[in-house]
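Okay, so here's the structure we're looking at.
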Amino acid sequence: MRVGFVEWPENLIADSEQWVQLADDLSKVKLDILVTNELPFGPWIASVPDFDPEAAEFSLACHRAGLEALKGLNIPAIISSRPVWEGQRLANEAFSLEGGRVKHLHTKQYFPAEPGWHESNWYATQSRDFEPAVVAGVSVGVLLCTEVMFNEHARHYRKQGAELIVVPRATGIPVHDFLTAGAMAAIVSGCYVVSPNRVGEGPNGPTFGGKGFACGPNGELIGMTSPENPLVVIDLDIASVKEHQKGYPCYVTERI
0 MRVGFVEWPE NLIADSEQWV QLADDLSKVK LDILVTNELP FGPWIASVPD FDPEAAEFSL
60 ACHRAGLEAL KGLNIPAIIS SRPVWEGQRL ANEAFSLEGG RVKHLHTKQY FPAEPGWHES
120 NWYATQSRDF EPAVVAGVSV GVLLCTEVMF NEHARHYRKQ GAELIVVPRA TGIPVHDFLT
180 AGAMAAIVSG CYVVSPNRVG EGPNGPTFGG KGFACGPNGE LIGMTSPENP LVVIDLDIAS
240 VKEHQKGYPC YVTERI
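Right, here's the structure in full:
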């Protein structure tokens, strides 16, 4: 099972020259699953503190066009996220794309509130879903960016039979905290953890740091993107997942 993950540029527009080059690069690599960074198309609207319905609609339009562009890739399964309306705010929905069909996977529930990442002013949800779904024959759990900081959800995914946890991100230059959180998510779940990231800077900031990464079921770093290698591919060994999930600390249960 070959899984690719990326660092895609800020303000990526479907059918732009940037997109054509990325799509051409992807056409040269055989993948079973592609995992993109969080909200990969259009500008990062949460860099501005005040919610703007017109900017929200523009983000929706960018991602609608982006979804059509993703459908044009010759990849069996793609995991990404997109904005959708929920009440008076947007929700950040992770989804899979297989055979031209979109399937809901998860809705983001943890939102930063600080310069560059005013997400709590832009996004909200009533959803409380942290349930894995089968994508290309693999049981996948999603933790959108900040959610990886909360290990209880990685443990929950393991208990529900997950084999791969994907963590699409839009994070800054420092990567240490997210590498640590991703490694811990792998250790406590016994799953592979794959975390793509945005890269570059928008007109209102912040600067996104790239460095998408993958951890093996033991928490070991097994791959990282860079400007020279914005697409990295790993091979999943599901038998290794099953073995790690039998061992420490995965088997440990809470006694109250």
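Its first residue numbered 0, the sequence shown is counted upward by one per residue in numbering that gives the first Met the number 0.
Beta carbons are placed, not taken as given, at the ideal position from N, Cα and C, and that holds for glycine.
Our contact map puts residue i next to residue j with C-beta atoms below 8 Å; I'd like the distance itself, whole angstroms only.
{"i": "Ile74", "j": "Leu30", "result": "5 Å"}
{"i": "Trp121", "j": "Arg81", "result": "Contact doesn't hold; Cβ gap of about 14 Å is too wide."}
{"i": "Ala132", "j": "Ala76", "result": "About 11 Å separates the two Cβ atoms, so there is no contact after all."}
{"i": "Asp24", "j": "Leu230", "result": "6 Å"}
{"i": "Val139", "j": "Ala161", "result": "7 Å"}
{"i": "Leu235", "j": "Val101", "result": "Going by Cβ atoms, the distance from Leu235 to Val101 rounds to 23 Å, so no, they are not a contact pair."}
Classify residue i as buried or exposed, calling it buried when 16 or more other Cβ atoms lie within 10 Å of its own Cβ.
{"i": "Glu301", "result": "The structure shown does not extend to residue 301, since the chain is modelled only from 0 to 255, so the question has no answer here."}
{"i": "Arg168", "result": "buried"}
{"i": "Ile127", "result": "Sequence inspection shows Arg at residue 127; the Ile mentioned does not correspond to that position. Classification for Arg127: exposed."}
{"i": "Gly115", "result": "buried"}
{"i": "Asn228", "result": "exposed"}
From this set, the options, which residue's C-alpha is nearest residue i's C-alpha?
{"i": "Asn217", "options": "Gln125, Ile237, Pro229, Ser46", "result": "Ile237"}
{"i": "Glu92", "options": "Val83, Gly246, Gly208", "result": "Val83"}
{"i": "Trp7", "options": "Gly215, Phe40, Asp14", "result": "Phe40"}
{"i": "Thr124", "options": "Gly86, Val165, Asn10, Gly160", "result": "Gly86"}
{"i": "Gly208", "options": "Cys61, Asn10, Ile172", "result": "Ile172"}
{"i": "Phe110", "options": "His243, Ser46, Val137", "result": "Ser46"}
{"i": "Arg1", "options": "Asn10, Asp24, Val34, Ile12", "result": "Val34"}
{"i": "Lys210", "options": "Pro202, Glu253, Gly201, Ile221", "result": "Ile221"}
{"i": "Leu38", "options": "Leu143, Pro202, Asp23", "result": "Leu143"}
{"i": "Glu242", "options": "Leu230, Gly215, Lys102", "result": "Gly215"}
{"i": "Lys27", "options": "Asn36, Gly3, Glu9", "result": "Gly3"}
{"i": "Glu130", "options": "His155, Val137, Glu146", "result": "His155"}
{"i": "Glu219", "options": "Gly181, Pro52, Leu72, His117", "result": "Gly181"}
Got a sec: does the ligand SAM put a non-hydrogen atom nearer than 7 Å to the Cβ of residue i?
{"i": "Gln87", "result": "Because no ligand of any kind appears in the structure shown, any question about the ligand SAM cannot be addressed here."}
For residue i, collect the residues of the same chain with a Cβ closer than 6 Å to its Cβ; drop the 5 residues on either side in sequence, then sort them by chain order.
{"i": "Ala213", "result": "Val193, Ile221, Gly222, Ile233"}
{"i": "Ser119", "result": "Phe110, Ala112"}
For residue i, which residues in the same chain have their Cβ closer than 7 Å to its Cβ, ignoring the five residues on either side in sequence?
{"i": "Val285", "result": "Since the first residue of the chain shown is 0 and the last is 255, residue 285 is not available in this structure."}
{"i": "Gly260", "result": "Shown here, the chain extends from 0 to 255; a query on residue 260 therefore has no answer."}
Taking 8 Å as the threshold, find out whether the region 188-200 comes into contact with the region 63-70 through three or more Cβ pairs. no
Is the region 5-22 in contact with the region 146-155, if contact means three or more CB pairs nearer than 8 Å? no
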